[in-house]
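Structure record follows, encoded as structure tokens.
Number of protein chains: 2
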Amino acid sequence: MAAVADPIRLEVIDRLQREGTRCVCDLQPAPPIPGNQFSYHLKVLRDCGLVTAARRGRWVDYTLAEDALDRLHAALPQRIGARQGARV
Amino acid sequence: MAAVADPIRLEVIDRLQREGTRCVCDLQPAPPIPGNQFSYHLKVLRDCGLVTAARRGRWVDYTLAEDALDRLHAALPQRIGARQGARV
DNA sequence: TGGGTGATTCAAATTCGTTTGAATCAGTTG
DNA sequence: CAACTGATTCAAACGAATTTGAATCACCCA
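First to last, the sequence lines map onto chains C and S.
Residue numbering for the first sequence follows our numbering, beginning at 307 and increasing consecutively.
Residue numbering for the second sequence follows our numbering, beginning at 307 and increasing consecutively.
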């Protein structure tokens, strides 16, 4: 849960889910933060397996891990009465 | 999200949901931590409205806020394909 | 009333995550 | 190759959250 306690990182997760794979420069929050600082946050997400990175030429594309949102929701106590959606 | 980034506090939320209203001493994690430290964590949860406290004689009972789990799950990006449970 | 327990508060110390600045890597282009 | 851009790494500085120890509060009971 600590990985998404930071708003910058939570926003990255959210953007990746809505927009799919994106390169680092596209994921910059508004207003932008220093590149090395952003890199640090991406590394935190990488290190806990919530996102994966792949180099594409000069750029690096980030992708939300398949099970990222499942893992996050599962880490929270479940609401009683909440029904699970069908797996894709 | 930062409120549940700490494992001690996440466990309190979980216990309160499973076991319902409990006094502070019942909520102590295993192994127990110093009372004042635990008090601090409970205050963090109180301050963001995830739990409420009520004195009962010498003891203080903690209760999970009605909307606590909804708020936590809502703070995360939603899984695609996940259906919402009916509200109680 | 005095002693004891459950719990909270406070300030100081400590720890941990984040930020910063400089350096480096990888790949592209002139 | 040299220069440039996108991105990452590293160590040091910083700041916020947590831990600690002591004091305090609230209540109950002998």
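C-beta atoms are modelled at their ideal positions from N, C-alpha and C, and glycine is treated no differently.
Computed from a predicted model, the values in this text were never measured in an experiment.
Check, Outcome
"Counterpart residues of Y346/C in DSSP-defined beta bridges", "DSSP output for Y346/C lists no bridge partner at all."
"Buried versus exposed call for A309/C [16 or more other C-beta atoms within 10 Å across all chains shown]", "buried"
"Local Cβ density within 10 Å of I319/S, reported as buried at 16 or more and exposed below that", "buried"
"Where D451/C sits in the DSSP three-state scheme", "Given that chain C is displayed from residue 307 to residue 394, the structure contains no residue 451/C and the question cannot be resolved."
"Assigned secondary structure, L370/S (DSSP; H/G/I helix, E/B strand, else coil)", "strand"
"V366/S versus S345/S, R377/S, L316/S, residue with shortest Cα-Cα distance", "S345/S"
"DSSP three-state assignment for R362/C, whether helix, strand or coil", "strand"
"Cutoff 8 angstroms: P383/C Cβ touching any chain S Cβ", "yes"
"Proximal residues of chain S, C-beta to C-beta of D353/C below 8 angstroms", "Ordered by position in chain S, no residue passes the 8 angstroms Cβ test against D353/C, which lies about 15 angstroms from the chain."
"Assumed close pair P383/C, L333/S - CB separation to whole angstroms, cut-off 8 angstroms", "Incorrect: roughly 14 angstroms between the Cβ atoms, too far for contact."
"8 angstroms Cβ cutoff, I339/C in contact with chain S", "no"
"CB contact flag (A311/S, M307/C, <8 angstroms)", "yes"
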